[in-house]
Every structure is written in C-alpha cells, then in structure tokens.
Amino acid sequence: MAVSKRTATNSEDGFVIQCEPPKELACGYTKVRIMPNNYSKILLIVGMTGKNIQEVTNELLEFAISKTSVQSGETTISLSELGGIQR
Numbered sequence: 898m899a900v901s902k903r904t905a906t907n908s909e910d911g912f913v914i915q916c917e918p919p920k921e922l923a924c925g926y927t928k929v930r931i932m933p934n935n936y937s938k939i940l941l942i943v944g945m946t947g948k949n950i951q952e953v954t955n956e957l958l959e960f961a962i963s964k965t966s967v968q969s970g971e972t973t974i975s976l977s978e979l980g981g982i983q984r
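Numbered by the numbering used here, the letters in the sequence shown go through residues 898 to 984 in order.
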C-alpha cells in the first residue's frame, strides 16, 4: 500500500498542506478484508438474492456511504451532500 508524503507550509494565502500522490493509484478492483461475522452475513444475502458477492458488497457499501457524515470540530458534513455521491 502506497502512502502519500505530506508537508505543511505557511504562506501569505494561509496554511497549505501539500500532498505528493502515491506512485500507484488503485484502479478497478481493490482488496478489502471483511471480518468473518460480516462475511457470513454477506454470503447469506448472496444466497438469497442470486447476485454475486461483489455486487452485494458494493451495494451495501454504497448505501453505508450515502448515510455517512464526517464531523470535524463543530462542522458536520454529510457525504450525500458532496458531489458524486447519490442515493
């Protein structure tokens, strides 16, 4: 897993965090570890729906992401309000 290198500088425009993107970007499918108790539940859904495990897992993640908010200090941002995330 590549990790980006970050540096911070002060400038006239304010505080700037500079990121150097990793040399390899994940394209297409990526591997994610799923805990056994959740994996068995996903397999149950797969068996009930006839969909493959990738389809079921992707739909569950899309739903979870659409219902997720990120809180930073007093500010809360709903991910569904950001561009590209719809449900």
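Here a beta-carbon is modelled for each residue, glycine too, at the ideal position from N, C-alpha and C.
Worksheet entry | Beta-carbon proximity of residue 962 to residue 979, cut-off 8 Å | no
What do you reckon, are the CB atoms on residue 942 and residue 931 nearer than 8 Å? no
Quick check: the Cα distance between residue 960 and residue 953, rounded to an integer number of angstroms?
Spanning the two alpha carbons is a distance of roughly 11 Å.
CA-CA distance, residue 929 and residue 958? 12 Å
Assumed close pair residue 972, residue 966 - CB separation to whole angstroms, cut-off 8 Å: Not a contact, Cβ separation roughly 10 Å.
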